[in-house]
Every structure is written in C-alpha cells, then in structure tokens.
C-alpha cells in the first residue's frame with residue numbers, strides 16, 4: 002500500500018503513520034520527496050485496511066499495490082478451474098453452451114425448448130423460475146413450481162440445468178432441483194446471498210452487476226470461494242454505460258482481463274449483453290473469440306409469445322443456425338464443440 | 002405506448018398488432034407514415050407490457066408514454082408525503098438532519114457521537130450494525146449487538162434512529178430496535194427485501210443504487226408502497242460515473258427531478274455522494290439549496306479511528322460548524338432548522 | 002511516481018528501471034516486498050513521463066503521485082484568480098451572472114433579451130453566433146453577422162458579452178466583438194483551439210467536455226495558461242452518465258473539488274447541466290450553494306420560438322423570478338449580488 | 002415524431018401544436034388518451050426540428066421515430082460501401098489490417114516498423130505526426146516532418162498510409178502525403194474539421210468520441226458525407242465507462258449495430274480499446290468475429306522505447322504472431338486474409 006501525504010504534512014505526521022504500520026506487523030517505507038512525502042506499507046493489504054490510514058487528515062490518497070482478491074487470483078492458483086455441472090465441464094477444452102428461455106412458462110414450453118437447444122448443441126438448459134423485475138407489475142416467475150418443471154425436463158433430456166436464486170429461503174429448492182445456481186446481476190453484491198451459496202458445494206454462475214467493476218466482481222466471487230465453495234463461474238452480461246442504442250454494453254475486455262487475472266471460468270451472455278436479437282449472433286462469436294469458456298443464450302420456441310425479454314430471445318431456427326456458425330470460431334479458439342449426445346454417448350460407452 | 006414498425010413491415014403486420022392491442026381492452030391507433038408506420042396503444046401501460054409487442058419481428062422499437070410507477074407519482078397523489086420517525090417529520094417544513102458514524106463500534110462510541118450530533122442540530126442518529134462490504138475481509142459490523150446499542154443510545158438521547166437492513170432474517174430485530182430502516186444502494190433491486198419491508202409499516206429510507214436510473218429508483222420505491230408500506234423516503238447518495246476524483250458523483254439533478262415527479266421526501270447523502278471529507282460541507286449546502294427534505298451525514302468522534310469510510314467522516318467540530326453554516330441555506334429554502342431540543346420541548350410542553 | 006512490478010519481475014528488472022530513473026536526474030526508491038517489488042521515482046513527473054516506464058514488460062502498473070497540472074493548481078498560486086470582463090469580476094466577492102439566448106437570432110431578439118437579463122441582475126450577455134450542432138441539418142448560427150449584433154447590443158446596454166468560438170479562423174472576430182471567448186464542451190480537447198486562445202489575453206470560459214474527467218479539464222485549462230493566457234474561467238455544464246431523465250448530469254462535486262484544487266474561478270451552467278427548464282432554478286441555487294463563482298443561464302424572450310435548446314430556456318418572467326430567489330443563497334455563500342446598474346453607477350461615480 | 006403532452010394540457014394546446022405541424026407541410030396525428038394526449042407528426046424529421054415543439058410548455062417529451070442520419074444509413078444505400086486506399090479495399094471481402102506506431106519518431110523507426118507489419122500481413126501503415134495529448138507537457142509529434150517521413154516510407158514499402166489530422170491548416174499536407182486521413186476521438190465533434198475533410202475526396206477514418214453515442218458517431222459521419230465526401234470508415238476505439246481496469250471499454254456491440262444500420266465500413270482499434278498490451282490479441286480476434294471490416298493496431302519495433310502509448314504497443318514478434326492467429330477467425334467470418342505482397346503481385350500481374 003502506497004500512502005501519499007499532503008503537501009503540508011510534517012515529519013511528525015509521517016512518523017506517526019510509519020509507527021502505526023510497524024505496530025501492525027508490516028514493513029514501513031519512507032520516501033520523502035520534493036513536493037510530497039510518500040510512505041509505503043508492505044505485507045498483507047487485508048491487514049492494512051484495518052489501519053484506516055485514509056482517515057488521517059494529512060493523508061492525501063492511498064493506492065493499493067495488490068488486488069484485494071486472493072483465492073480467485075491466478076497468483077494463488079495458476080491453473081484453470083474446471084466447474085463440473087454433470088454433463089458439462091466449464092473451463093475445460095469443451096466449450097460450454099447454455100440455452101433456454103428467459104422464464105419457465107410451462108412444462109410443455111420448457112421441454113420443447115430443451116429438445117431443440119440440445120439438438121442444436123447446448124448441454125445446459127437455462128430458465129428462470131424466480132424473476133427479479135424492475136417493475137412490481139411485471140411477471141415474477143412460477144416459483145418452486147418452475148423449479149420442478151426444470152428438474153423434470155432435465156431428467157427427461159439429460160441436460161444440465163441452471164436457474165437464478167433471488168432469495169435465501171429458496172436455496173434448498175434450487176439446489177435440489179437444478180445442476181447450478183445463478184446469482185443475477187442485481188444481487189451480485191447481496192452478500193448474504195453470496196455467503197449462503199458459498200456454504201453449499203453447488204456450482205454457481207455469478208453474473209456481473211450492471212455497474213460493477215471487474216475488481217468488485219472478482220471480490221464477489223471471492224465471497225463465495227472464501228465461504229467454502231470453489232465451484233464458481235463468472236458471467237459477463239453487459240454493463241451500463243451512456244449508450245442507449247443497445248440495452249447494455251457487453252464488456253468483452255472484461256472477459257480477456259479476467260481470464261488473465263483469475264483461474265475461474267468465464268461465460269458470456271450476448272442476450273442481455275445486447276438486448277437486441279440481431280446482435281446476439283455477432284456478439285456470441287466475439288465472446289468465443291476473446292477467450293470465453295462458454296455462452297449463455299436466451300431462446301424461446303416462439304419469441305413473440307415470450308413473457309419476458311422477448312426482444313432478445315432467439316427462435317429455434319436462429320439458435321440452431323448460430324450454433325453452426327459458432328463451430329469454426331470455437332475451433333479457432335482451441336476449444337471443442339461437444340454436444341450432449343457426444344457426452345451422453347461417451348458416458349454410456351465408458 | 003408507441004410502437005414503431007420496421008421500414009419493411011406490411012399492412013398485415015400492423016393489423017396483427019392492432020388486433021392484439023384491441024383484444025387486451027386498449028385503444029389502438031394507426032399512423033401510417035412515409036418511411037415508417039407508427040402504432041399507438043392507449044390505456045394502462047402495465048397491461049400493455051403483457052402483450053410483449055417488442056418480440057414481434059417487425060417491431061423496431063417501443064416507446065412508453067407513461068412512467069411505470071404509479072403510487073409514488075405526484076399524478077396520483079399531488080401532496081407531499083410526510084414520513085414520521087418519532088421526533089422527526091421528514092418531508093414537512095422541518096428540514097431533517099441525520100448524523101452518526103458509518104458503523105456502530107461500541108456503546109461508548111455511539112453515545113458520544115449521538116450527544117454531539119444532537120447538540121449540533123441532528124434529530125436522527127444513523128449507524129450501521131450490518132455492513133455490506135465489497136471485500137469479504139473487511140469489518141462486517143456488530144450485528145444484533147449493534148442494534149441493541151443503537152436502541153439504548155436512542156432511548157438515552159431521545160433521538161430517532163436509523164440503520165441498514167441487509168438480510169430479511171434480521172428484519173424483526175431492526176424494526177424492533179430502530180425508528181427507521183435503511184435499504185442500501187447495493188440492495189436497491191433486491192426485490193425480496195423490498196417486499197419484506199413493504200409488509201411492515203416502518204419508515205424506510207431507500208438509497209439509490211450505484212447505477213440505478215431515477216425511473217428504476219422510483220420503481221423500487223413503488224415495490225415497497227405497492228406491497229403496503231407508504232412510509233418511504235428516497236435517498237440520493239451518488240451514482241457511478243467515469244469520474245474518479247470523487248468516490249461517486251452526487252446527482253442533485255435527481256433530487257430536483259424526483260421532487261417534481263414524486264410526492265415522496267428526498268434525503269441527500271453528501272458523505273457517500275463525494276467520499277471526500279472536505280467536499281461534504283459544500284455538497285450538503287447544495288443539497289439543501291436544490292430542494293432536498295433532509296441530509297444524512299457520516300461523522301465520527303475521531304475519524305482517524307473509524308473502522309470504515311474514515312475518509313469521508315466529519316469530526317465533531319466539522320459537523321457542528323457545518324450545521325451552523327447550513328442554517329441560512331435552510332431558511333432560504335423555505336424550511337426550518339429545528340433541533341431535537343426544540344422538538345422535545347414542544348412535546349413536553351404539549 | 003510509484004512503479005509496481007509484476008510478481009515474477011527479477012532483481013535485474015528492478016535495477017534496470019532504477020538506473021533509468023537515476024539517469025533522468027530523479028531520485029530512485031527501491032521497496033522490495035513479499036508479493037511485489039515497488040519502485041519510486043521522485044521529482045518532476047513531467048520528466049518522468051518521458052521515461053515510458055509503462056512500456057517495460059515487467060511493470061504491472063504506474064501510479065502518479067502528483068497531478069499533471071501545475072499552473073492552474075493552488076499549490077503554485079494559492080490565491081483566487083479574478084478574471085475581469087469589463088463590468089464583471091469573475092472570482093471576486095461579486096457573484097457573476099451570465100444570461101442570454103442559446104443562439105443569436107436577430108438584433109431585436111438579442112436586444113430585448115439583453116434588456117431584461119440586465120434588469121433582472123445579469124452583468125454578462127451570452128449568445129451563440131457559431132453553433133456546433135450534432136446534426137448537420139440543424140441551424141448552425143448567424144456567424145460573423147451574429148458577432149456584430151452582439152457587439153452592438155453590448156455597446157447599447159453596457160453589458161459584458163461572451164460567445165463561443167468553434168474555429169480558429171474566427172478568433173480575431175470573436176476577440177474583437179465580445180468581452181470573453183467560450184470554448185464549448187465538444188472542443189475542450191481541441192488543442193489547436195486551446196493554444197490559439199492561449200496566445201491572446203482575452204478572458205476564456207472553458208466548458209467541461211461531456212465525458213472529461215476533472216483532471217483532463219484542468220489540463221485543458223493548463224494548455225491555455227501555459228501558452229500565455231492566465232484569464233481562464235472553468236465551466237461545469239453537466240457530464241454524460243447512464244441517466245436519461247435529464248439531458249446531462251450536473252456534477253457539482255466537480256465545482257467544490259476544483260475550487261479546492263485550483264485558483265481559477267468556476268461557473269455553473271444549470272441550463273445544459275439539466276436540459277429541463279423546471280430544473281434550472283433548483284440547480285442554479287445548488288450551484289451557488291456549493292461555492293461557484295457565477296452562473297450562466299439560457300433564457301429567451303419567447304422560449305417557444307427559440308431556434309435551439311428551447312426545452313431548457315427560461316422566459317423573461319422565470320429568469321427574473323430566479324434572480325430574486327438566488328439572492329439569499331448568494332448572500333449565505335458570502336458573495337454579493339451586484340447588478341450592472343450598481344457597477345455602471347460605481348464607474349460613473351468614480 | 003411523437004409528441005407527448007403533459008397531463009393537464011388542454012385541447013387548445015393540442016390544436017395549436019397540430020396546426021404548427023400541418024403548417025410545416027407534415028401530417029398531423031391526434032391521439033387523445035385517458036392519462037395523456039399524444040400527438041404525431043409524420044414526414045421528414047429534419048424539418049420537424051425547426052418547429053421547436055419541445056419548447057412548448059405543455060409538451061412533456063418528444064420521441065423521434067426516425068434516426069437523424071440519412072446518407073450513411075442502409076435505408077438509403079443498402080449495399081456496403083467500399084473505401085479504396087490504394088492497395089486496400091476497406092469494406093470488401095478483403096479484411097483490412099492497419100499497423101504501426103502511435104507516433105512517428107524517425108524515418109528509421111517508421112521504415113523498420115513498416116517492413117515488419119507488411120511482412121506480417123498489414124497493408125496500411127499507421128503513425129501519428131500530430132499528436133493530441135491530454136497534457137501540454139507531453140510529446141506533441143514531429144508535425145509536417147513526420148508526414149514527409151510517412152510519405153517516404155509509404156513509397157518505399159508500397160503500403161497505404163494513414164495519419165491523424167488535428168488542425169485544418171494541416172489538411173493539405175496530410176492529404177498530399179498520406180492515403181487516408183484519421184479524425185481522432187477528441188475531434189469527432191469538431192464540426193469545422195469534419196466539414197473540411199468533407200470537402201476533399203480523401204478516405205477518412207472517423208474515430209468514435211470517448212463518450213459519443215452511436216447515433217452521434219453516425220451523425221458525425223453524416224457531416225462528412227453530406228459535405229460531399231462519401232469515403233468514410235468508422236472506427237470503434239473504446240468508450241469511457243466507470244471501469245478502470247482497462248483504459249477504455251471496447252464497445253463491440255457498436256460494431257455489430259453499425260454494420261446493421263449503416264453501409265459504411267467499420268474498423269476496430271483494440272489497442273486504444275483496451276490500453277493493455279496483453280488484451281490486444283483477444284480483442285482483435287473478437288473484433289474480427291463480430292463483423293468488423295478491419296483492425297488498426299499499434300506496434301513498435303521496441304515498445305520500451307516508444308514515446309507514447311507504450312503500454313499498449315505490440316512488439317514485432319507479438320504483431321506477427323497475432324496475424325497468424327487471426328487467420329482462422331478472418332476465414333470463419335467469411336473474409337480473406339490478403340497481404341500487401343498478394344495485392345502488389347496481383348497489380349503487377351494485371
């Protein structure tokens with residue numbers, strides 16, 4: 002940690018702070034300069050936070066040397082984490098494709114969707130049972146009933162399943178009925194929820210908050226891992242910027258950056274990341290190309306009848322065509338396009 | 002709702018959509034133009050959402066005519082809502098001042114702080130028992146023990162009290178021990194939490210999310226009011242922008258805008274809104290001047306020892322001086338600067 | 002300047018960089034830590050930039066200790082700069098009020114407007130002759146003809162005048178016909194233009210770019226001052242954020258921050274800062290309260306007929322009423338509300 | 002254009018506005034609703050702007066139906082525009098690669114760089130002779146001397162050349178010495194400059210402003226085309242957001258969106274779009290995958306010695322490796338990877 006003193010700070014101020022640093026068991030450094038005195042404190046920056054040096058009236062600013070996340074950092078674990086959902090190994094050489102409707106509407110709807118996404122190449126079925134909606138007057142999801150439908154359809158098709166958890170009280174049900182738990186963007190800093198999923202061993206897909214920095218996103222992942230659950234996947238789903246032509250701004254820089262700094266797998270969501278159906282395909286390809294480990298894409302057997310996010314859902318035809326187009330990009334990225342049939346076959350064979 | 006069709010939409014497309022609108026009991030409008038056909042649907046836009054017209058492949062864009070919030074709008078209730086905390090009437094002619102530490106650290110610390118903020122002019126004591134922290138390694142608050150300390154100090158000084166709720170499981174304790182519940186910025190769209198406080202009749206201070214639009218903020222308030230609790234105060238506490246010189250960008254435009262559109266009282270938080278101690282005073286004055294109903298300000302008996310947010314906490318001397326400086330601005334704004342002593346005296350007198 | 006090396010940097014890397022620092026005549030510092038080696042370079046950071054240390058493959062990040070602006074900083078010149086426009090002394094105890102239409106439309110229009118803004122309390126007449134417009138199909142201004150009208154009206158009313166310069170070729174005309182030159186937000190980093198006005202001694206109002214940081218804004222002012230013109234006023238006119246309810250987000254934090262760091266006067270533009278007529282008055286008051294040295298406000302004799310920015314222009318009645326409401330805020334801020342009549346009287350008397 | 006009236010607007014207000022619309026030769030529409038009256042005006046929205054309907058006190062908001070850009074829109078010209086630089090046809094089946102240093106430092110430096118970017122696969126040499134720098138104390142470029150060097154190197158290698166123009170006075174020199182003119186991000190709304198290049202027939206690469214919306218970017222292109230120069234390439238180079246881990250946020254959504262709405266070719270700049278050397282390669286691939294027509298990449302024979310933007314420049318080895326890695330992505334995107342040797346050979350052969 003670097004501590005920059007104000008121009009008029011005295012030597013006594015510097016000493017006082019250096020003593021505090023030393024008393025905390027850290028290595029103090031003194032760098033008197035012409036215009037400013039700069040101090041250093043080397044060691045575990047988590048301890049340093051407790052010193053509250055930024056409250057000192059003669060401290061102008063404090064600059065951390067190290068990122069605050071540890072367990073999710075490649076500096077601690079250099080190898081890629083692989084999260085196993087059942088069929089799907091996210092973060093492996095297998096490129097992971099998750100598809101399905103925004104909301105679970107009925108068993109018939111979900112089963113039909115599951116069948117065509119499986120046929121097109123997806124190995125994970127997505128779908129919301131609990132929908133966090135900006136307006137209290139919008140459809141809020143089927144709840145536990147939706148979870149049971151998802152479980153049923155997962156059994157029938159053999160696909161892995163994932164759904165969003167919005168309330169701790171539903172954690173047991175979500176964990177029982179699905180392969181993986183999604184934490185949505187609005188709850189990325191709902192620390193009670195993060196700790197609750199951290200106490201399970203269920204795979205978690207953590208979506209980036211609308212205006213969360215990459216550092217905050219990795220710290221939210223750190224909450225889950227530090228609580229005890231290492232099976233975390235990060236999801237880039239677009240951030241909020243000044244641009245209004247698209248619903249969000251898909252930040253693929255973040256994907257490349259996180260792949261460099263963290264060992265956790267990264268999934269790209271081009272559906273929410275654009276909010277525009279015609280932009281899903283190009284941005285899915287870009288997600289593959291920048292190094293993502295997988296994609297999560299909204300599709301609906303009939304987008305015109307979707308009860309939510311209809312403007313961004315792909316039709317069965319669009320989804321199938323996109324999967325075909327993705328193949329050469331997946332291969333160019335050094336990954337494999339593996340279908341549920343391949344994996345189920347391999348399982349039966351072994 | 003205005004529906005703009007794509008350039009190549011046919012008359013049959015327009016008819017199909019107009020029929021949908023009519024079937025939903027709304028008034029359809031047809032506006033064929035040279036370059037585009039525009040359709041209209043007049044009536045309750047909450048019903049219109051269910052039509053999912055944005056999923057139609059020939060719909061280019063949809064523009065709402067009305068805001069989605071109803072109950073918090075001045076169009077429904079033109080008069081100012083006054084939220085009563087006990088001593089303090091937020092939204093009345095009394096300008097409300099809330100002061101106290103970021104975190105409750107001990108009874109001694111809170112009592113000492115309470116005494117000086119009361120003496121300086123505050124009528125509400127703030128302080129966190131549950132602290133949502135970006136890093137899992139930061140101090141997370143004293144929990145229920147902190148609530149009991151706050152209750153004790155509130156009793157002893159006669160001040161109203163407010164603290165943040167982060168987990169539904171603590172709702173009963175927070176409601177029992179304090180005068181008002183704060184929903185923090187990170188939880189502004191934690192709809193389970195909003196509904197839970199909506200089921201009480203406790204006053205709620207709803208803080209704007211870091212990147213929430215004003216529309217989303219008012220819709221979050223609508224969640225609480227629609228669930229049954231009309232005692233809602235809005236808090237502007239700075240938004241996230243590209244600027245890094247200050248911790249957040251205090252959006253006072255939003256204060257003036259919300260005062261125009263909504264009947265709910267608005268509180269300004271210049272401490273989080275700037276994150277810089279020396280900027281708290283000028284922005285507190287600006288908050289008064291733009292029409293806020295009150296201020297919430299972090300202060301600490303010794304900012305150097307504060308366990309969190311030390312860089313923005315005022316010292317007792319700074320806080321007292323600021324209160325004196327605020328008086329002419331409060332009066333210029335047509336409000337009254339009323340102390341706890343005035344109010345307690347009035348109560349005893351009556 | 003603090004240089005943080007990558008985790009795997011060797012001692013030789015550190016030495017190589019320390020040698021570079023020393024060779025540039027600066028003081029090198031070596032801080033080997035457990036997880037990272039940190040280096041320091043003390044001295045004039047403008048020299049340090051030339052070292053390009055951020056290009057070294059073993060350098061993780063570089064953190065400047067000092068801001069890059071010098072001449073506009075209070076560390077160099079602690080006293081407030083006062084910019085004299087003729088009648089108006091911006092940055093003095095006199096609170097400066099600039100009013101007028103977005104665009105100069107005719108002599109009759111400008112004269113009528115000038116008369117009522119003068120009567121209401123303004124001492125500077127604003128109005129655009131060259132209009133930078135987002136669309137090539139919008140009205141682009143009367144050009145030099147407009148400048149002559151402004152000169153004429155300035156003579157007739159005795160008001161100071163200010164207009165925007167968008168092209169170096171018009172500099173001589175703008176300097177000849179008006180009291181002060183405005184550099185608009187879109188040209189804040191048009192360095193050719195900054196240098197050109199820096200070569201004059203004309204007062205300059207430099208508007209903040211839509212997404213310029215405060216540091217960049219002060220560096221743009223530094224361009225003008227470093228070229229030779231110290232008569233610079235800064236203008237906060239709203240930044241671009243995700244919020245769409247208002248046209249821009251008026252960043253009053255920036256006003257308070259710049260007043261602390263720089264000796265240059267700061268003007269607030271609540272018209273562009275909100276883009277909404279009904280929000281101009283509350284934000285003008287907030288601008289006064291946070292410590293601005295003046296306001297620049299758009300008004301039009303008949304806003305319904307304004308050729309541009311009509312949605313934010315005040316009517317004569319609104320403008321006059323606002324001036325009356327501002328008085329107690331100006332006095333509470335320790336400034337004086339001085340009219341053109343007062344100043345002209347004082348001039349005649351002396 | 003859709004005009005939404007305030008809740009308390011009278012029928013007379015509606016009539017007044019409808020009459021204005023009709024008088025302007027447009028088709029008026031009247032949609033009285035329960036909570037609001039909505040009006041429409043169909044026809045050329047450029048004419049509608051002149052009506053200033055947003056200044057009417059009973060108008061709540063105005064929503065445009067059509068985008069303001071015309072000439073750059075696919076609705077007017079559905080086919081892709083191809084911009085010919087000499088060797089390079091940007092927007093054709095040939096994927097265009099532009100490489101070179103941030104700044105031209107010497108003939109030796111530029112020639113060496115030109116040789117290796119040509120060998121690696123680039124057909125356009127980039128390099129700055131005039132550098133717009135945030136700080137007045139940074140290196141500002143070699144000026145016309147740099148242009149001559151670029152011309153010389155272009156002749157010697159046969160590569161097309163591109164450099165930034167920052168001041169109208171240098172337009173003739175830039176046009177004489179290079180194949181294409183770059184308009185930088187800071188000057189995207191310097192309309193004098195846009196009109197000046199619009200009066201030439203030189204190819205122009207228009208970079209997106211740091212916080213320009215896509216609509217504003219296309220309107221800036223419209224300025225150039227409307228003035229008379231159709232040879233415009235758009236460049237996405239990252240926008241300014243709250244994220245600080247990367248220098249800018251590369252907005253690839255914008256690339257896909259612009260390719261859909263406009264016929265102009267789009268180039269991606271992953272160097273400025275990330276500001277981090279290690280992220281250039283993944284984002285270059287992503288740029289190809291989302292449908293860009295080309296890339297512009299900073300490289301330097303020895304990044305450690307680069308006088309500017311050193312942190313993002315690729316070394317010769319990195320650049321060459323990246324070109325190899327790009328090939329399968331270019332082919333998967335349906336484009337061809339064509340070198341300068343191929344093109345020169347084809348020319349000689351024909």
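Residue numbers (our numbering), protein chains in the order written: chain A, 2 to 351; chain B, 2 to 351; chain C, 2 to 351; chain D, 2 to 351.
Using N, Cα and C, we set each Cβ at its ideal position, and we do this for glycine too.
- alpha helix (DSSP H) containing residue 332(C): first to last residue? First-last of the alpha helix (DSSP H) with residue 332(C): 317 to 333.
- Name, please, each residue of chain B whose Cβ falls closer than 7 Å to the Cβ of residue 67(C). Within chain B, no residue comes near residue 67(C); the closest Cβ sits about 14 Å away, beyond 7 Å.
- Query: Who are the near neighbours of residue 92(B) in its chain, counting only those whose CB is closer than 8 Å to its CB and skipping five residues on each side?
  - Reply: If we look at residue 92(B) and ignore the five residues flanking it on each side, its Cβ neighbours are 81, 82, 83, 84, 234, 265, 266 and 294.
- Query: By Cβ distance below 6 Å, which residues in the same chain neighbour residue 95(A) in space, the five residues on each side in sequence not counted?
  - Reply: Within the same chain, residue 95(A) has close Cβ partners 337 and 339.
- Task: With a floor of 3 residues, list each beta strand (DSSP E) that falls wholly inside the region 228 to 301 of chain C, ordered by position along the chain.
- Result: Whole beta strand (DSSP E) segments, 3+ residues: 233 to 237, 267 to 269 and 295 to 299.
- Query: Using a beta-carbon distance cut-off of less than 7 Å, what residues from the region 280 to 294 of chain C approach chain B?
  - Reply: Taking 7 Å as the Cβ-Cβ cut-off, the region 280 to 294 of chain C approaches chain B at 280, 283, 284, 286, 287, 289, 290, 291 and 292, given in chain order.
- Among 257(D), 277(D), 274(D) and 153(D), the one whose alpha carbon lies nearest that of residue 1(D): Nothing in the structure corresponds to residue 1(D), since chain D is present only between 2 and 351.
- If we ignore side chains and look at the alpha-carbon of each, how far apart do residue 230(C) and residue 176(C) end up? The alpha-carbon atoms of residue 230(C) and residue 176(C) are separated by roughly 13 Å.
- Going by beta carbon distance, what residues of the same chain come within less than 7 Å of residue 119(A), once the five residues before and after it are set aside? Cβ neighbours of residue 119(A) beyond the five flanking positions: 158, 160 and 341.
- Chain-ordered residues of the region 210 to 241 of chain C with a beta carbon less than 9 Å from chain A: If you check each beta-carbon in the region 210 to 241 of chain C against every beta-carbon of chain A, the ones closer than 9 Å belong to 211, 212 and 241.
- Spell out a yes or no on whether the region 201 to 216 of chain D and the region 243 to 252 of chain A are touching, meaning 3 or more CB-CB pairs, one atom from each, closer than 8 Å. The region 201 to 216 of chain D is in contact with the region 243 to 252 of chain A.
- Task: In angstroms with no decimal places, state the Cα-to-Cα distance between residue 298(C) and residue 98(C).
- Result: If you take the alpha carbons of residue 298(C) and residue 98(C), they lie about 8 Å apart.
- Message: Using CA atoms only, rank isn't needed, just tell me which of 144(D), 122(D), 124(D) and 125(D) is closest to residue 132(D).
- Response: Closest option to residue 132(D), Cα to Cα, is 144(D).
- Message: Pull the bridge partners of residue 165(D) from the DSSP assignment, please.
- Response: Paired residue(s): 183(D).
- Task: Establish whether the CB of residue 96(B) and some CB of chain D are separated by less than 7 Å.
- Result: Not an interface residue.
- Message: Tell me the rounded alpha-carbon separation between residue 127(D) and residue 322(A).
- Response: It is roughly 38 Å from the alpha-carbon of residue 127(D) to the alpha-carbon of residue 322(A).
- Determine, using beta carbons only, whether residue 1(C) comes closer than 7 Å to chain D. Nothing in the structure corresponds to residue 1(C), since chain C is present only between 2 and 351.
- N-terminal and C-terminal residue of the beta strand (DSSP E) that residue 114(C) is part of: First-last for residue 114(C): 108 to 121, but that is the alpha helix (DSSP H), not the beta strand (DSSP E).
- Do you know offhand how far residue 208(A)'s Cα is from residue 210(B)'s? In this model, residue 208(A) and residue 210(B) are separated by some 17 Å (Cα to Cα).
- Message: Assuming residue 126(C) is part of the beta strand (DSSP E), what are its boundary residues?
- Response: Residues 125 to 127.
- Is the Cβ of residue 114(D) closer than 7 Å to any Cβ of chain E? Of the chains in the structure shown, none is chain E; the protein chains are A, B, C and D.
- Item | Interface residues of chain B facing residue 119(D) [CB-CB closer than 8 Å] | Within 8 Å Cβ-Cβ: nothing; residue 119(D) doesn't reach chain B, min ~38 Å.
- Task: Please name the residue, chosen from 21(C), 30(C), 37(C) and 27(C), that lies closest to residue 5(C) on a Cα-to-Cα basis.
- Result: Ranking the options by Cα distance to residue 5(C), first place goes to 37(C).
- At what residues does the beta strand (DSSP E) containing residue 64(B) begin and finish? Looking at the DSSP string, the run of the beta strand (DSSP E) that includes residue 64(B) is 60 to 64.
- Message: For a quick check, are the C-beta atoms of residue 184(D) and residue 125(D) less than 7 Å apart?
- Response: Their beta carbons are not under 7 Å apart, which means residue 184(D) does not touch residue 125(D) by this criterion.
- Query: So what's residue 190(C) in DSSP terms, helix, strand or just coil?
  - Reply: In this structure, residue 190(C) counts as coil in the three-state DSSP scheme.
- Please list the partners that residue 12(D) has in chain B, where partner means a Cβ-to-Cβ separation under 8 Å. Within chain B, no residue comes near residue 12(D); the closest Cβ sits about 16 Å away, beyond 8 Å.
- Between which two residues does the alpha helix (DSSP H) containing residue 172(D) stretch? Note, residue 172(D): alpha helix (DSSP H), 172 to 178.
- Which residues in the same chain as residue 122(B) place their Cβ atom closer than 7 Å to its Cβ, once the five residues preceding and following it in sequence are excluded? Taken in chain order, the residues that qualify are 98, 324, 338 and 340.
- Where does residue 208(D) fall in DSSP's three states? Assigned with DSSP and collapsed to three states, residue 208(D) falls in strand.
- Message: If you measure between the beta carbons of residue 220(A) and residue 69(A), is that distance less than 7 Å?
- Response: Contact: yes.
- For residue 78(D), which residues from the same chain have a beta carbon less than 6 Å from its beta carbon, with the 5 sequence-adjacent residues on both sides left out? Closer than 6 Å at the Cβ level, and outside the excluded window around residue 78(D), lie 264.
- Classification of residue 71(A) by the beta-carbon crowding that lies within 10 angstroms, buried from 16 upward: Answer is buried; the Cβ neighbour count reaches 16.
- Query: Within 7 Å (strictly less), CB to CB, does residue 3(C) reach chain A?
  - Reply: The beta-carbon of residue 3(C) is placed less than 7 Å from the nearest beta-carbon of chain A.
- Message: Determine whether the beta carbon atoms of residue 76(C) and residue 129(C) lie at a separation below 7 Å.
- Response: Between residue 76(C) and residue 129(C), the gap from beta carbon to beta carbon reaches 7 Å or more.
- Message: Restricting to Cα atoms, I'd like to know which of 283(B), 282(B) and 276(B) is closest to residue 312(B).
- Response: Nearest of 283(B), 282(B) and 276(B) to residue 312(B), Cα basis: 276(B).
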